[in-house]
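Right, one structure below, let's go through it.
So this is what it looks like as structure tokens:
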């Protein structure tokens, strides 16, 4: 476990660095994160349209094309607006909010006539004075501004005004700024709310008649989409309410608010606004996420002309909040929202008012709080630790699982708890950590494959190298495996080389090693090394091979069968005839990339390796081409075996049985099987210390095959034991004192 952790140190470091970057990004709130959160909010809004509430009822009186056709082009005379307002009062409307700005004085036609009369030349001066006097008497009755102001004073109205960023434009008057619970204006210095530089205010006459007002400025996100409603605006370090908040306050009959904040970096960051007993959750800028109740037209619309003409039933608007606005394209009060490219500004405010009064305003989770930072850190820490230990498939599975879980949680909280968790930062954290670990694993795998190619390119065939690089089981780390190791060399090579020149020795070795290497490769073996005339190979690594013993012995038998062909080629180029000995052993051995920082190789070590080397040396003593240990013979292989001897080799005290593979069992000729049966009978007598019977049997075998050195060895031992019997505890083991 400790080793695994050490191997993943770089990934842990990169993951921690990524987590730090994410925390910094969240603190800075870059625009791309807000954009992603905005798109997620748009999608959730379309999936989860809120149900329209019956109370309080918010409706829109629309100065639409139909009204303009009937009542005349806009702007209408203020007396007509006054008539509209009075009719709404008669219909039982509780609050009327104007999504219209009244900042200019309307022209009084009596005043205009007086100015023109004064400029005319009259022959009778008193006639001019009489006309002017008459117009003075008429003037108050045709002063539409005064008529509208009088109507405002007797109605529960909320006027609209504009806050903007043009410092040169300051027109009309602003209402009284927001008051705190102590009925004092709130100082906006320490609040981070939208700050404005200019305004198109309200005609003082109207503001005096109706002091309740709210700004109608809509502030889109950076991508031009209106998702937030700015409930507060800062002008000259004073806070002002927007039209929706002002209308809600008027409906609740309150003129002060309580700001709920938390301090950070010397600033008061807003968490929400309380009016009466209603808490409105906001972001730190005092903006509310707008819970849209539906597409444009979901809020009830009434034509302004129908109200003016008294075409509505008496109780149709009783107790409702009315927003007077316009859907006419020429008035440019259409905006892009998550649900529509042309969403009326009046209906945006209607959605906000409904959300405030039904207490279903969307809360936006703030990741910059202690809770948010802790949540990011805990999740990030878990992923930093978890991802490095995952395979690419498991990592991909975890990634999509986390993304799905966060997406599902976002939807459920949005739908059931009116909470938007702004999950972009979590998506970004998970994605970056996944990419880092994917990339690191890819680079590591690429390096591993290159290392394998460099290490094994000379020792295994290209097709085997490809299997190594494609396999997830290949590793160059040191480990212990059951494998089969192989040694082969040319007998009496020293004597042969004394009669050859250097270039002839080189050619001899090439003619010897090339076909043997090809045979080993074709039987899935790995070349370990060439040392002089000796070749060492093994089976079972770097790729696991459940049939390593079979492949090794099959390769040895193939080499034995091809030796005559090798000698034939040697004789053709005037090189000497050679004989070889091969030793194989199956057992546990250490395998891996070993060596120093200057030179390394992929090799095997262990007692089994040493035994195979000793067996290769003993082939000369027994005059047998191939010797294997008992573990090799005991494997499930299709070979025919001859027990050669029970011995202890130099450097070992544990006895081992050694065998000679005679070929494939099913291909053995009857003569060989008969000879092997007689041999086993003689061997049985030998180990039973029945020396005369054993001698008779081996003499018979030697007569059949006079050149068989093995029979000669046993006959010599039998003669020695007849002359000098072995001790009583003799176990049949012969001790070799030389290699």
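Residue numbers (the UniProt record's numbering): 1 to 739.
For every residue, glycine included, the Cβ atom is placed at its ideal position computed from N, Cα and C.
Keep in mind the model is a prediction, meaning the values are calculated, not measured.
Check: Residue 207 versus 173, 283, 194, 542, residue with shortest Cα-Cα distance; Outcome: 173
Check: Start-to-end residues for the alpha helix (DSSP H) that takes in residue 206; Outcome: 204-209
Check: According to DSSP, residues forming a beta bridge with residue 641; Outcome: 661
Check: Which of helix, strand or coil DSSP assigns to residue 431; Outcome: helix
Check: Cβ distance (whole Å) where residue 257 is taken to contact residue 97 below 8 Å; Outcome: 17 Å between Cβ atoms; not a contact.
Check: Boundaries of the beta strand (DSSP E) in which residue 485 is found, first to last residue; Outcome: 479-490
Check: Per-residue burial, residue 165 [other beta carbons within 10 Å of its own, 16 or more giving buried]; Outcome: exposed
Check: Through-space distance from residue 343 to residue 79, alpha-carbon basis; Outcome: 29 Å
Check: Option in 382, 278, 422, 17 with minimal Cα separation from residue 360; Outcome: 278
Check: Nearest to residue 86 (by Cα), restricted to the options 679, 154, 198; Outcome: 154
Check: When 389, 425, 417 are compared against residue 406, the one with the closest alpha-carbon; Outcome: 425
Check: Spatial neighbours of residue 429 in its chain, beta-carbon cut-off 8 Å, leaving aside the 5 residues before and after; Outcome: 18, 19, 22, 376, 379, 380, 383
Check: Segment limits, beta strand (DSSP E) that includes residue 326; Outcome: Neither: residue 326 is in no beta strand (DSSP E) and is coded neither H nor E.
Check: Residues bridged to residue 493 [DSSP beta-bridge criterion]; Outcome: DSSP lists no partner for residue 493.
Check: Supposed contact pair residue 234 and residue 214 - C-beta distance, whole angstroms, cut 8 Å; Outcome: In fact, because the Cβ distance is near 14 Å, the residues do not count as touching under 8 Å.
Check: Candidates 232, 554, 299, 373, of which the one nearest residue 285 by Cα; Outcome: 232
Check: Nearest residue (CA-CA) to residue 339, options 331, 318, 296; Outcome: 296
Check: Buried or exposed (CB count within 10 angstroms, at least 16 for buried), residue 400; Outcome: exposed
Check: Cβ separation of residue 251 and residue 56, assumed to be a contact under 8 Å, to the nearest whole Å; Outcome: 7 Å
Check: Residue 561, buried or exposed, once every other Cβ within 10 Å from all chains shown has been counted against 16; Outcome: exposed
Check: Expected contact under 8 Å - CB spacing of residue 639 and residue 552 to nearest Å; Outcome: About 11 Å; that fails the 8 Å criterion.
Check: Alpha carbon of residue 179 to alpha carbon of residue 186, nearest angstrom; Outcome: 6 Å
Check: When 601, 423, 623, 656 are compared against residue 34, the one with the closest alpha-carbon; Outcome: 423
Check: Cut-off 8 Å between Cβ atoms - residues of its own chain near residue 427, not counting five sequence neighbours on either side; Outcome: 36, 403, 406
Check: Run of the alpha helix (DSSP H) containing residue 415, from where it starts to where it stops; Outcome: 392-416
Check: Buried or exposed (CB count within 10 angstroms, at least 16 for buried), residue 705; Outcome: exposed
Check: Assumed close pair residue 629, residue 688 - CB separation to whole angstroms, cut-off 8 Å; Outcome: At roughly 24 Å, the Cβ-Cβ gap does not stay under 8 Å, so residue 629 and residue 688 are not in contact.
Check: Cβ neighbour criterion (16 or more within 10 Å) applied to residue 608; Outcome: buried
Check: Three CB pairs or more closer than 8 Å across the region 304-322 and the region 60-75; Outcome: yes
Check: Residue 292 burial status per 10 Å Cβ neighbour count (16 or more: buried); Outcome: buried
Check: C-alpha distance - residue 519 paired with residue 548, whole-angstrom precision; Outcome: 14 Å
Check: Whole-angstrom distance between residue 615 and residue 538, CA atom to CA atom; Outcome: 15 Å
Check: Sub-9 Å separation of residue 244 and residue 349 beta-carbons; Outcome: yes
Check: Local Cβ density within 10 Å of residue 227, reported as buried at 16 or more and exposed below that; Outcome: buried
Check: Neighbour-count burial assignment, residue 410, 16 or more Cβ in a 10 Å radius; Outcome: buried
Check: Euclidean distance between Cα positions of residue 659 and residue 541; Outcome: 24 Å
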